[in-house]
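By this note's numbering, the letter at position 128 of the sequence shown is numbered 176, and the numbering carries on one by one without gaps.
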Amino acid sequence: MTVIPVKRLDSAKSRLRGAVPPERHPELVLAMVRDTAAAVLSATSVTDLIVVTDDPVVAEVVRELGAEVARDPGAGLNAALRSGADEVAGLSGYRAVLTGDLPALRPGQLDAALADVRERSFVPDAAGTGTVLLAVPPRQPLDPRFGPHSAAAHRASGATPLTGDWPGLRQDVDTAADLAAVLGLGAGERTRALLSDLGLSRACAPAACAG
Numbered sequence: 049m050t051v052i053p054v055k056r057l058d059s060a061k062s063r064l065r066g067a068v069p070p071e072r073h074p075e076l077v078l079a080m081v082r083d084t085a086a087a088v089l090s091a092t093s094v095t096d097l098i099v100v101t102d103d104p105v106v107a108e109v110v111r112e113l114g115a116e117v118a119r120d121p122g123a124g125l126n127a128a129l130r131s132g133a134d135e136v137a138g139l140s141g142y143r144a145v146l147t148g149d150l151p152a153l154r155p156g157q158l159d160a161a162l163a164d165v166r167e168r169s170f171v172p173d174a175a176g177t178g179t180v181l182l183a184v185p186p187r188q189p190l191d192p193r194f195g196p197h198s199a200a201a202h203r204a205s206g207a208t209p210l211t212g213d214w215p216g217l218r219q220d221v222d223t224a225a226d227l228a229a230v231l232g233l234g235a236g237e238r239t240r241a242l243l244s245d246l247g248l249s250r251a252c253a254p255a256a257c258a259g
């Protein structure tokens, strides 16, 4: 089971504000969520996806993709992750939580990372300071430590770092520079189309856009 938390579109990704015109910011957040969810659902190792959100637009979009939607308990990111992974999904199986801003994610990269999970494990972001994925085996609580310097927090909590060659999995988007990075890796269809519409990117080469 895989879980993605998504804030309401009008308050999500505050550090990214200014990268696109203000009125298009919610569209950018939604495009990244959609590309991330589509990649997750295409991974052979993923049986189900739960999106924890209170945003009705996000809920409608991810349901169309085949995801389940769970209510956000409203106590912050880590509470949303615990709710989705430990309460909605339950402790009986493997669970993985991902951030919803991975528009260059490739299903094969996610499969490879999840295949390495033997114990509570995490994947650091491209900068090495944040976390893009946290996974746990059956009967073990998720115990998420997302937030500033979450990679160090997860390591200190006993989680094992996984550091394979997974550039699309590790490249989350917090800044305009991160947007440029995912375009270089090959952003997903929705993110690429939105940025192209805004004149902020050229269509990527076929090799970069390949799944």
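Note that the Cβ used here is the ideal one computed from N, Cα and C, for glycine as well.
With contacts defined by Cβ atoms closer than 8 Å, Leu139 and Pro186 form a contacting pair.
For Gly195, the closest alpha carbon among the candidates Ala128, Ala137, Arg240, Leu248 is that of Ala128.
C-alpha of Asp102 to C-alpha of Pro151: approximately 21 Å in a straight line. Looking at the backbone, the Cα of Asp58 and that of Arg65 are separated by about 11 Å. Separation of the CB atoms of Ala201 and Arg193 is rounded to 4 Å, and the pair is thereby assigned contact status at 8 Å. For Ala123, no beta strand (DSSP E) segment is defined, and its DSSP state is neither H nor E.
Counting along the chain, Leu242 sits inside the alpha helix (DSSP H) bounded by residues 237-245.
Between Ala79 and Leu97, the CB-CB gap reaches or exceeds 8 Å. Beyond the five residues adjoining it in sequence on each side, Ala133 comes within less than 7 Å, by CB distance, of Val51, Arg143, Val145, Leu190 in the same chain, given in chain order.
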